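Each remark here refers to the structure printed beneath this line.
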Amino acid sequence: MYRLSVKSTQSFLASSNSHSSSLIAIQPLLKIARCFATPPVGDVLFPTKSDFPSRHIGPRKTDVVSMLDTLGFKFLAELTEKAVPKSIQLNRDLNLDKPLNEHELITSIREMAKLNEIWRSYIGMGYHNCHVPHTIMRNIFENPGWTTQYTPYQPEIAQGRLESLLNYQTMVSEMTGLDVANASLLDEGTAAAEAMCLCSRHNKRKKLYLSNKVHPQTLSVVKTRAEALELEIEVGPISSVNLTGREISGILLQYPDTYGDVKDFEDIATLARKHGTLVVVATDLLALTLLRPPAEFGADIAIGTSQRLGVPLNYGGPHAGFFACKQNLVRLMPGRMIGVTRDMDGKDAYRLALQTREQHIRRDKATSNICTAQALLANMSAMYALYHGPEGLKAIANRIHHFTLALQTALKGAGHVINNKNFFDTLHIQPCNGLMVDEIKSRAESKRINFRYFPDGTIGIALDETVGPRDIDDLLWIFKCRPLDEILANNDILTNSIEKSKFHRTSAFLTHPIFTSHHSESRMVRYMKRLENKDISLVHSMIPLGSCTMKLNATTEMMPCSFRHFTEIHPFAPVEQARGYHLMFEELEHDLCEITGYDKISFQPNSGAQGEYAGLRAIRSYHEHRKEGHRNVCLIPISAHGTNPASAQMAGMKVEPIRILSDGSIDMAHLRDKASEHASNLSCVMVTYPSTMGVFEETITDICDLIHRHGGQVYLDGANMNAQVGLCRPGDYGSDVSHLNLHKTFCIPHGGGGPGMGPIGVKSHLAPYLPGHPVISPLESEDASFGVVSAAPFGSSAILPISWSYIKLMGSRGLKRATQVAILNANYMSKRLEQHYKTLYKEPKTGLVAHEFILDIRDLKKTANIEAVDVAKRLMDYGFHAPTMSFPVTGTLMIEPTESEDKEELDRFCDALISIRSEIAEIEAGRMDKKVNPLKMAPHTQAQVISEDWNRPYARELGAFPALFVKPETKIWPTVARIDDAYGDKHLVCTCPPILPDI
């Protein structure tokens, strides 16, 4: 294993001479440094060619003046100084590098990327290089029509990605042989942790047994999760497990295991079933095209990663974890699941099924804190399966397996010991015949090849889809074996193939016609485009989701994510081969610390909820090292995100809810009482700022002081950081730790429901307790680390260039102006709508909101039988995604416009809401029916509007074209009518439905 702590940029420069000759020289680093240097005098005479902040920020200068005038202000600074409490205002510019223009940015980050060395990595451990079909890379991964949607909470305008995710679920279900699968988890390690916790919930036992042949990073994630929940962990040979005492909740197996062995687990699965123990199998989907699927030998749950199915290595992420289980466990399954239901016309439609498992509802009774999935990456893997089909996947697997057989034959022939009897793509080698490990390593390095080196002197080699004959010859040369042609001429390499073993798969998979219908590129491109056209994304209109910050994801920021020097790096490659990544980590950490006021950043959490969990575990570890491990009470306002109490209970804390006042602010008297009541056991408070109600509360410093006086820590949810950047810093006004939603404030796109990135910032006293890792350590010392939260050391590393680029392009003034305009846009919209809807909460003294606001729809239920969901569905007819519905207050709509939307778009959305209010007035006046009206019947599909059977008591034109700006040439048609959720709940179908013949 390789272990090396992250060094500062200066350390990289200073240590260059001490590294091996293969390392890149420091010249590119100096080029990057020059890009960020103080501008020469000439820059005054020759201004920058482009002004990125003006492209990122929507309203033009004249629009800003007009909007400020509507609010009664002359300057942006005047507005924000009134909105933000004076006691927490920063009152200085952020100390960031001079902003780059877009061309300078791309030049700089290309140089940075080239500091990463692309070696052929045969390390394996759940990460394998692959060929991403170019049509999938271009038409999905690099396509804002696929990357900029939100989670499909409004299914009528999300049918495209819902169908694709259903394909993913079907793929996982059929390849594992299990009944149901979800629409992805964060990675293999977290999927394993979720599975083992499910086992305990299912049979109420507190002991877990993990095979010692599970990947080390997976073992670490499971151990970390179990410790907080007080689950006992035992790790050892699977042959040593004792199930007779009926104490063990679940066992975790790896198939093939971390050494490449394929073992027969049927007997242990039979024994486990007899004693009420669940069997969880971590597996490889590509291997399962040849290997007997887990369900056939008794697995209850199968987990893993679908990375090698068409997703790059990405230095560890983002990748989609998968989770499949038997039908009897479906109600306990974590994460999201796509289900088949019907719409109001009886047509098949897709939606998120089992929505009551969402953590916003269960809160501290939640079984998981999952909020973000990996939808974009799951979609890529689903398309990869469609692109190749079952026969194509099997051909790829056979090619890899046959190369592995040839390598095994050659190595054995040269006298080396192969420790695997049955294998798919990985060999565990004991070098012999006088060849020492150091010599092998030297020869491998001369070919720029990485192996997995075990502490006992053995070596692991895992082959992948990209391997060809020349690669095999290089491997054979390293081990002083005869070349491949001679091996093939003199040996039957198929003697030990899977096809001739008892592990050979005989059952069919990917049997649905969807997996055999798109093998020409024309057909494939048209299918992807057809699905894309069913979804509303930011390429169509603003997505005003409160607390979600759906802002511009600029093309220039996105481009580096496709650079091969970022995508083709194995997460466990020696750190000196990833110097570009680590330089980027250093610079991004510096910038985020400057923006937030924290002292240290951990990039390991790969979602916001994961960041919450990591921050709380750091707090717990801090108390434990101070001999105050009894501090376990977490105070959480009832207005908090549902993931907050869910994360707290997962971290082993006791949640105490704090009331809020009628104006939406935290009830300080109740907070003082609870802090005093639990003073001796107080661990922390979790508070969102600005508040979840969309206002800057004056009491934030009082809250922090109060908690600190009682020995607790302050966790500040970073979901609303977009209202603070450049104006105030959580680390200055008393917060000890925050997660930062990089997929919100810092421009990583939401990907239709993931990827996300939720790094945590901490003050210096919490820094020693940040997440570590068993393979590549992100810490200088792991002595005090609480454990591991993600499979990869730095989470979803390959999307961090987006946030790095955003900050470098915007600079200090640009970031501050973005925040100011976000606050301006929200207050402008609230003002425009105030005569039609009530803004539920405003700051009492100023009458202002922060960067988002809540419209109260509840009274309309009494006057017109109209609810928030009706307004949400009607907005689709106007071409808009709905705001956040019924959060944080049931029966409301929370709107966040962000700074990226210009005045024209803000006005268009306001006009839509005003028009909808006039329709509601028609119902209130009795001129429209309370049950059959444009809101209750929304959204209106094209099929409905052109049907001869139009029997509704309002005009077709009103249904489909309700405003002048809704024009035929720009109309966005929902492809299904209003979803029937009740039907879907009663008839749970989570795989592709059969294709019926046309009648």
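In the working numbering, the protein residues as written are 35 to 1033.
Even for Gly, the Cβ is constructed at its ideal location relative to N, Cα and C.
A quick note: this is a predicted structure, and the numbers were derived from the prediction, not measured.
Per DSSP, cross-strand counterpart(s) of residue 339: On the sequence shown, position 305 is the one that residue 339 refers to. DSSP, once it has assigned bridges, lists 318 and 355 as partnering residue 339.
Nearest neighbour of residue 130, chosen from 797, 625 and 640 [CA to CA]: To locate residue 130, count along the sequence shown from 1; it is residue 96. Among 797, 625 and 640, the Cα nearest to that of residue 130 is on 625.
Own chain partners of residue 139 with C-beta closer than 7 angstroms, once the 5 adjacent residues on each side are dropped: Numbered from 1 along the sequence shown, position 105 holds the residue referred to as residue 139. Here the set comprises 590, 839, 842 and 843.
Minimum C-alpha distance to residue 385 - residue among 210, 506 and 190: To locate residue 385, count along the sequence shown from 1; it is residue 351. Checked all of 210, 506 and 190; the closest Cα to residue 385 is 190.
Assigned secondary structure, residue 747 (DSSP; H/G/I helix, E/B strand, else coil): Here residue 747 is taken as the residue at index 713 of the sequence shown, counted from 1. Strand.
Backbone CA spacing between residue 680 and residue 104 [nearest angstrom]: Along the sequence shown, read from residue 1 onward, the residue named residue 680 stands at position 646. Along the sequence shown, read from residue 1 onward, the residue named residue 104 stands at position 70. Roughly 41 angstroms separates the two Cα atoms.
Three-state secondary structure assigned by DSSP to residue 484: As a position in the sequence shown, residue 484 is number 450, starting the count at 1. If DSSP states are grouped into helix, strand and coil, residue 484 belongs with the strands.
8 angstroms Cβ cutoff met for residue 860 and residue 931: Here residue 860 is taken as the residue at index 826 of the sequence shown, counted from 1. Here residue 931 is taken as the residue at index 897 of the sequence shown, counted from 1. Residue 860 places its beta carbon less than 8 angstroms from that of residue 931.
Environment of residue 470 [buried if 16+ CB atoms lie within 10 Å]: Against the sequence shown, residue 470 aligns to sequence position 436. Residue 470 should be labelled exposed.
Nearest to residue 255 (by Cα), restricted to the options 224, 488 and 803: Taking the sequence shown and counting its residues from 1, one reaches residue 255 at position 221. Put simply, of 224, 488 and 803 the residue whose alpha carbon is nearest the alpha carbon of residue 255 is 224.
Rounded separation between residue 118 and residue 351 - CA only: Locating residue 118 in the sequence shown gives position 84, where the first residue counts as 1. Locating residue 351 in the sequence shown gives position 317, where the first residue counts as 1. Each residue's Cα considered, the two are about 37 angstroms apart.
Close beta carbons around residue 699, own chain, < 6 angstroms, minus the five adjacent residues each side: On the sequence shown, residue 699 is found 665 positions in, with the first residue counted as 1. If we look at residue 699 and ignore the five residues flanking it on each side, its Cβ neighbours are 731.
Backbone CA spacing between residue 858 and residue 110 [nearest angstrom]: Residue mapping note: residue 858 aligns to position 824 of the sequence shown, counting from 1. Residue mapping note: residue 110 aligns to position 76 of the sequence shown, counting from 1. Answer to the nearest angstrom: the Cα atoms are 8 angstroms apart.
The segment 339-356 in contact with the segment 989-1008 per 3-pair CB rule at 8 angstroms: no
DSSP bridge partner residues for residue 691 (one or two, in chain order): The count along the sequence shown starts at 1 and reaches residue 691 at position 657. Answer is 670.
Neighbour-count burial assignment, residue 424, 16 or more Cβ in a 10 Å radius: Locating residue 424 in the sequence shown gives position 390, where the first residue counts as 1. When all chains shown are included, residue 424 counts as buried.
For residue 486, the nearest candidate out of 494, 480 and 200 (CA to CA): Against the sequence shown, residue 486 aligns to sequence position 452. It is 494 whose Cα lies nearest to the Cα of residue 486.
Runs of alpha helix (DSSP H) lying entirely within the segment 115-150, each at least 4 residues, in chain order: 136-147
Cα-Cα separation between residue 85 and residue 637, rounded to whole angstroms: For the purposes of this step, residue 85 is taken as residue 51 along the sequence shown, with counting starting at 1. For the purposes of this step, residue 637 is taken as residue 603 along the sequence shown, with counting starting at 1. Whole-angstrom Cα-Cα distance: 29 angstroms.
Nearest neighbour of residue 500, chosen from 946, 151, 161 and 87 [CA to CA]: One-based indexing of the sequence shown puts residue 500 at position 466. Nearest of 946, 151, 161 and 87 to residue 500, Cα basis: 161.
Residue 519 versus residue 507 - alpha carbon distance: Here residue 519 refers to the residue found at position 485 when the sequence shown is read from its first residue. Here residue 507 refers to the residue found at position 473 when the sequence shown is read from its first residue. Cα to Cα, the separation comes out at about 9 angstroms.
Which listed residue (829, 726 and 848) has its alpha carbon closest to that of residue 220: Position 186 of the sequence shown, counted from the start, is the residue given in the question as residue 220. Among 829, 726 and 848, the Cα nearest to that of residue 220 is on 829.
Same chain, Cβ closer than 8 angstroms to residue 751, neighbours up to 5 away in sequence not counted: Counting from 1 along the sequence shown, the entry for residue 751 is found at position 717. So the list reads 646, 674, 675, 678, 720, 721, 722, 723, 772 and 773, once near-sequence residues are dropped.
Endpoints, alpha helix (DSSP H) assigned at residue 194: Working through the sequence shown from its first residue, we reach residue 194 at position 160. Run containing residue 194: 193-210, per the alpha helix (DSSP H) assignment.
Nearest to residue 919 (by Cα), restricted to the options 933, 945 and 889: Along the sequence shown, read from residue 1 onward, the residue named residue 919 stands at position 885. Residue 889 is the option with its Cα nearest to residue 919.
N- and C-terminal bounds of the beta strand (DSSP E) containing residue 809: Here residue 809 corresponds to residue number 775 of the sequence shown, with the count starting at 1. Residue 809 -> no beta strand (DSSP E), and no H or E assigned at all.
C-beta atoms of residue 1069 and residue 336 nearer than 8 angstroms: With the chain covering only 35 through 1033, there is no way to say anything about residue 1069.
Limits of the alpha helix (DSSP H) - the one that residue 677 falls within: For the purposes of this step, residue 677 is taken as the residue at position 643 of the sequence shown. For residue 677, the enclosing alpha helix (DSSP H) begins and ends at 677-684.
Close beta carbons around residue 427, own chain, < 6 angstroms, minus the five adjacent residues each side: The count along the sequence shown starts at 1 and reaches residue 427 at position 393. Only 323 meet the Cβ criterion.
Distance between residue 605 and residue 462 (C-alpha atoms, nearest Å): Translated into positions along the sequence shown, residue 462 becomes position 428. Translated into positions along the sequence shown, residue 605 becomes position 571. If you take the alpha carbons of residue 462 and residue 605, they lie about 20 angstroms apart.
Supposed contact pair residue 156 and residue 484 - C-beta distance, whole angstroms, cut 8 angstroms: Position 450 of the sequence shown, counted from the start, is the residue given in the question as residue 484. Position 122 of the sequence shown, counted from the start, is the residue given in the question as residue 156. At roughly 7 angstroms, the Cβ-Cβ gap stays under 8 angstroms, so residue 484 and residue 156 are in contact.
Exposure of residue 180, with buried meaning 16 or more beta-carbon neighbours within 10 Å: Here the question's residue 180 lines up with position 146 in the sequence shown. Residue 180 comes out buried.
Spatial neighbours of residue 657 in its chain, beta-carbon cut-off 7 angstroms, leaving aside the 5 residues before and after: Within the sequence shown, residue 657 is the residue found at index 623, counting from 1. Cβ within range, chain order: 663, 665 and 717.
Among 1003, 892, 369 and 921, nearest to residue 954 - alpha-carbon criterion: Here residue 954 refers to the residue found at position 920 of the sequence shown. When each option's Cα is compared against that of residue 954, the closest is 892.
Within 8 angstroms, strictly: CB atoms of residue 242 and residue 260: Residue numbering aside, residue 242 sits at position 208 when the sequence shown is read from its first letter. Residue numbering aside, residue 260 sits at position 226 when the sequence shown is read from its first letter. In this structure, residue 260 lies closer than 8 angstroms to residue 242 by Cβ.
Close Cβ partners of residue 538 (< 6 angstroms) along its chain, the five nearest in sequence each way excluded: By 1-based counting over the sequence shown, the position of residue 538 is 504. Counting only Cβ-Cβ distances below 6 angstroms, and skipping sequence neighbours, we find 532.
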